[in-house]
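Participant: Heads up: the sequence lines are chains Z and B, in that order.
Residue numbers for the first sequence follow our numbering, so the first one is 1 and each next one is one higher.
Residue numbers for the second sequence follow our numbering, so the first one is 136 and each next one is one higher.
For each residue, glycine too, the CB sits at the ideal point set by N, CA and C.
Note that the structure is predicted; figures quoted are calculated from it, not measured.
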Amino acid sequence: MNLLLFQPLAFIASVYMLAQEGGSAEKLVFNPAVLIASLYVFALAAFLGYQVISRVPPLLHTPLMSATNAISGISLIGSLVIAGSTYENHQTLAELLGCAAVTSAMINVTGGFLITDRMLKMFRKKEVVKVGEKK
Amino acid sequence: MNAHPAYFLEATYLVASCLFVMGLKGLSHPDTARRGMIMAAAGMCAALLGTLFHPDIHHYLYIAIGLVIGSAIGIPMAMVPMTAMPQRTALSHAFGALAASMVGLAEYVIHGSNLGPFKMGALGLEVMLGSLTVTGSLIAAAKLQEMMRGTPIQFKGQQVLNLALFISMITLFILWLINPATAGFFYGMAACAFLFGVLLVIPIGAADMPVVMSLLNSYAGLSSAATGFVLSNNVLIIAGTLDGFSGFILSILMCKAMNRSITNVLFGGFGAVTGTDQGAAGTMRELSLDDVAVQLAYANQVVFVPGYGMATAQAQHAVRELGNLLEERGVSVKYGIHPVAGRMPGHMNVLLAEANVPYSSLYEMDQINPELPATDVAVVIGANDVVNPDARDNPKSPIAGMPIIEVDRAKSVVVLKRGKGKGFSGLENPLFFKSVTGMLYGDAKSSLTNLTQAVQKV
Numbered sequence: 001m002n003l004l005l006f007q008p009l010a011f012i013a014s015v016y017m018l019a020q021e022g023g024s025a026e027k028l029v030f031n032p033a034v035l036i037a038s039l040y041v042f043a044l045a046a047f048l049g050y051q052v053i054s055r056v057p058p059l060l061h062t063p064l065m066s067a068t069n070a071i072s073g074i075s076l077i078g079s080l081v082i083a084g085s086t087y088e089n090h091q092t093l094a095e096l097l098g099c100a101a102v103t104s105a106m107i108n109v110t111g112g113f114l115i116t117d118r119m120l121k122m123f124r125k126k127e128v129v130k131v132g133e134k135k
Numbered sequence: 136m137n138a139h140p141a142y143f144l145e146a147t148y149l150v151a152s153c154l155f156v157m158g159l160k161g162l163s164h165p166d167t168a169r170r171g172m173i174m175a176a177a178g179m180c181a182a183l184l185g186t187l188f189h190p191d192i193h194h195y196l197y198i199a200i201g202l203v204i205g206s207a208i209g210i211p212m213a214m215v216p217m218t219a220m221p222q223r224t225a226l227s228h229a230f231g232a233l234a235a236s237m238v239g240l241a242e243y244v245i246h247g248s249n250l251g252p253f254k255m256g257a258l259g260l261e262v263m264l265g266s267l268t269v270t271g272s273l274i275a276a277a278k279l280q281e282m283m284r285g286t287p288i289q290f291k292g293q294q295v296l297n298l299a300l301f302i303s304m305i306t307l308f309i310l311w312l313i314n315p316a317t318a319g320f321f322y323g324m325a326a327c328a329f330l331f332g333v334l335l336v337i338p339i340g341a342a343d344m345p346v347v348m349s350l351l352n353s354y355a356g357l358s359s360a361a362t363g364f365v366l367s368n369n370v371l372i373i374a375g376t377l378d379g380f381s382g383f384i385l386s387i388l389m390c391k392a393m394n395r396s397i398t399n400v401l402f403g404g405f406g407a408v409t410g411t412d413q414g415a416a417g418t419m420r421e422l423s424l425d426d427v428a429v430q431l432a433y434a435n436q437v438v439f440v441p442g443y444g445m446a447t448a449q450a451q452h453a454v455r456e457l458g459n460l461l462e463e464r465g466v467s468v469k470y471g472i473h474p475v476a477g478r479m480p481g482h483m484n485v486l487l488a489e490a491n492v493p494y495s496s497l498y499e500m501d502q503i504n505p506e507l508p509a510t511d512v513a514v515v516i517g518a519n520d521v522v523n524p525d526a527r528d529n530p531k532s533p534i535a536g537m538p539i540i541e542v543d544r545a546k547s548v549v550v551l552k553r554g555k556g557k558g559f560s561g562l563e564n565p566l567f568f569k570s571v572t573g574m575l576y577g578d579a580k581s582s583l584t585n586l587t588q589a590v591q592k593v
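(1) Compute the distance between the beta-carbons of S266 (chain B) and A325 (chain B), then report whether it is under 7 Å.
(2) Report the residue ranges of all alpha helix (DSSP H) runs contained in full by the stretch 343-430 of chain B; include only those spanning at least 4 residues, in chain order.
(3) So that I know if they touch, is there some Cβ in chain Z lying closer than 7 Å to that of D378 (chain B)?
(4) Quick check on DSSP: helix, strand or coil for I472 (chain B)?
(5) Measuring alpha carbon to alpha carbon, tell me which of B:H452, B:K592 and B:P538 ends up nearest L431 (chain B).
(6) Could you tell me whether the Cβ atoms of I245 (chain B) and A94 (chain Z) are closer together than 7 Å?
(7) Can you list the residues of chain B that A100 (chain Z) reaches, using a CB-CB cut of under 7 Å?
(8) Relative to the alpha-carbon of M65 (chain Z), which residue among B:R223, B:G185 and B:L187 has its alpha-carbon at the smallest distance?
(9) How would you list, in chain order, the residues of chain Z whose beta-carbon sits under 7 Å from the beta-carbon of D520 (chain B)?
(10) Among the residues of its own chain, which have a CB less than 7 Å from the CB of G379 (chain B), if the five just before and after it don't count?
(11) I'd like to know whether the C-beta atoms of D511 (chain B) and K546 (chain B) end up nearer to each other than 7 Å.
(12) Of all the residues that make up the stretch 76-100 of chain Z, which are near chain B by a beta-carbon distance shorter than 7 Å?
(13) Name, please, each residue of chain Z whose Cβ falls closer than 8 Å to the Cβ of V437 (chain B).
(14) Determine whether the beta carbon atoms of A229 (chain B) and A101 (chain Z) lie at a separation below 7 Å.
(15) Distance, Cα to Cα, L586 (chain B) vs D578 (chain B)?
(16) Give the C-beta separation of T270 (chain B) and G340 (chain B) to the nearest angstrom, bearing in mind that I take them to be a contact with Cβ-Cβ under 8 Å.
(17) Measuring only between beta-carbons, confirm whether R169 (chain B) sits less than 7 Å from chain Z.
(18) According to DSSP, which residues form a beta bridge with A513 (chain B)?
(19) Report all residues from its chain with a CB closer than 8 Å to the CB of P165 (chain B); omit the five preceding and five following residues, and keep chain order.
(20) Taking all protein chains shown into account, do 16 or more other C-beta atoms lie within 10 angstroms of the C-beta of T572 (chain B), making it buried, or fewer, making it exposed?
(21) Start and end of the alpha helix (DSSP H) containing G323 (chain B)?
(22) Is there a C-beta anywhere in chain B that falls below 7 Å from the one on M119 (chain Z)?
(23) Please state if the CB of I516 (chain B) and the CB of M445 (chain B) are separated by a distance shorter than 7 Å.
(24) According to DSSP, G573 (chain B) sits in a beta bridge with which residue or residues?
(25) So if DSSP puts S227 (chain B) in a beta bridge, which residue, or which two residues, is it bridged to?
(26) Quick check on V295 (chain B): buried or exposed, where buried means 16 or more other Cβ atoms within 10 Å of its Cβ?
(27) Name the DSSP beta bridge partners of L461 (chain B), please?
(28) Below 6 Å CB to CB, which residues in the same chain sit around N394 (chain B) once its five sequence neighbours on both sides are set aside?
(29) Go ahead and pull the three-state DSSP assignment for Y142 (chain B).
(30) In chain order, which alpha helix (DSSP H) runs of at least 4 residues are fully inside the stretch 252-325 of chain B?
(31) Leaving out five residues before and five after L422 (chain B) in sequence, what residues of the same chain have Cβ atoms less than 6 Å from its Cβ?
(32) Can you tell me the Cβ-Cβ gap for V370 (chain B) and I36 (chain Z), rounded? I've got them flagged as a contact below 8 Å.
(33) Tell whether a beta-carbon distance below 7 Å holds between A219 (chain B) and S272 (chain B).
(34) Should V34 (chain Z) go down as buried or exposed, given a rule of 16 or more other Cβ atoms within 10 Å for buried?
(35) Round the Cβ separation of P441 (chain B) and I472 (chain B) to the nearest angstrom and send it over; I've been treating them as touching at under 8 Å.
(36) With a cut-off of 7 Å, does the C-beta of L159 (chain B) fall near any C-beta of chain Z?
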């Protein structure tokens, strides 16, 4: 369990340490304001996630896992930009990688949401089941 | 709007983020869960549509190809039988992590060392976590699909090799951050991560899969969150973090349910342990079908305790039929579910829900244990370690301290078991030798179907 706690902490720590070295004028580089904002978002999302997910009953742990899987298919939006942009060099390679990323993210998005819904449809209350059985 | 396409884009992302959180909040109760997931799916659509109008996107051919192929694979993957959920989920962890790694790799190919140290660090973490999750999840899926043997694969010097690999992976990462122009360090790190993922999962036994699944879920999520840092994209950070923390919480819960530390699960090679138990003595009492049928038919309360054996025998529908019949006769029927029963968190709940068991009849371990002394018959279906009283009574047992479903407190116990051999973990189960316990050998599905017929005749 200590090791588990260590992972997100190490993640935050390394992000912080790397930020210390930043600040070059390069356009692509994080500017400090954006970085701080991103860290806020990360920290708040972590707290929110902890609060929301602790309330999910063990009954729904499998749907939870497939739902978060589908949601993390959001890396789709990063993939889309890579697959559709124009670059000065490495155009083909970037497009191929982007295309592969779009494919794998889309698998999770469609498959994840569909199977989660399929599973959740099966969780029924007692009354509903009895009505169905009489048919 | 025309002047500021970025506002439109950010607005869709903000909406998506809120919908994701509300969607997960819906999962706190089965009644609101479906509506929640529809909200989350709507959020995903909003983000997807918004991104299609991203100012940097100039051509749509590769996007269209990816979306079509992805849907063509994703939709059939949503149609797998419920018994295949664990391997399906492991595969989707692999796809999620693959997407994140590909984005990271592409960003590096395109921008090289111009990203600056912070983004490079996030990118490195993204590719490292992503790559090890890809191979780790594939191995987990292969084990769950039984394409590989499920028992731990161990060899001499395994721990040393793992440690060496881990250290070289981190070293290459640091070297790459110091010399960002040397692509070799980056690709070396990725290669180490791929190999590390394989080596991390092969020594883990199939019974420990719930922990591994949760952990890989967490890594896949954190990898997406790191992508968010690389692309300065908040919705990616939020969705990735939610996924990462969900996996993290599930890992903790699964470890607690086994009374083991995560280190022990990952490096303990559990299931390869032999000869540490005391070899419970005595004889097992074999029951006839009719005996069990009479017991069940005249009971006031029956508790079914399913385990992975129910999934392998596909016996969930047969359980439900027997349960129905007993309920019609006025028997109170409940299902006691241990958090680590099966191969992923919540596995048994989904199988029983598939078989039309109402969720109000599914009880968590802490809810069912106080009910057991008042239970006439506890029926154990393909479960072993989760009902092993050694965990409670024998401090020397390898599973000592693990919370169990205390079926031995019931007035009588019927164990449905394929044969007389030891269970998956190789541990002897003293429950089978207790005087309250009777064994009913045979395939769980046909035993249950025969039982249903026998109860009808009583």
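Facilitator: Reading from the atomic positions:
(1) yes
(2) The stretch 343-430 of chain B contains these whole alpha helix (DSSP H) runs: 344-366, 369-393 and 397-402.
(3) yes
(4) strand
(5) It is B:K592.
(6) yes
(7) M237
(8) B:R223
(9) Near D520 (chain B) there are no residues of chain Z at all, since even the closest Cβ is about 17 Å away, more than 7 Å.
(10) S353, G356, L357 and A360
(11) yes
(12) L76, I77, G78, S79, L80, V81, I82, A83, G84, S85, T86, Y87, H90, L93, A94, E95, L97, G98, C99 and A100
(13) Within chain Z, no residue comes near V437 (chain B); the closest Cβ sits about 16 Å away, beyond 8 Å.
(14) Cβ atoms of A229 (chain B) and A101 (chain Z): not closer than 7 Å.
(15) Between L586 (chain B) and D578 (chain B), the alpha-carbon positions lie close to 12 Å from each other.
(16) T270 (chain B) to G340 (chain B), Cβ: 18 Å. No contact.
(17) True, the Cβ-Cβ gap to chain Z drops below 7 Å.
(18) Beta-bridge annotation (DSSP): A513 (chain B) is paired with B:V438 and B:V548.
(19) The residues are Y494.
(20) Taking every protein chain shown into account, the CB of T572 (chain B) has 16 or more other CB atoms within 10 angstroms, so this residue is buried.
(21) A318 to V336
(22) Answer yes: the Cβ-Cβ gap between M119 (chain Z) and chain B drops below 7 Å somewhere.
(23) yes
(24) B:V549.
(25) Bridge partners of S227 (chain B): none, in fact.
(26) exposed
(27) Its beta-bridge partners do not exist; DSSP assigns none.
(28) G536 and M537
(29) helix
(30) 293-313
(31) G573 and L575
(32) No, V370 (chain B) and I36 (chain Z) are not in contact; Cβ-Cβ is about 18 Å, not under 8 Å.
(33) no
(34) exposed
(35) 7 Å
(36) yes
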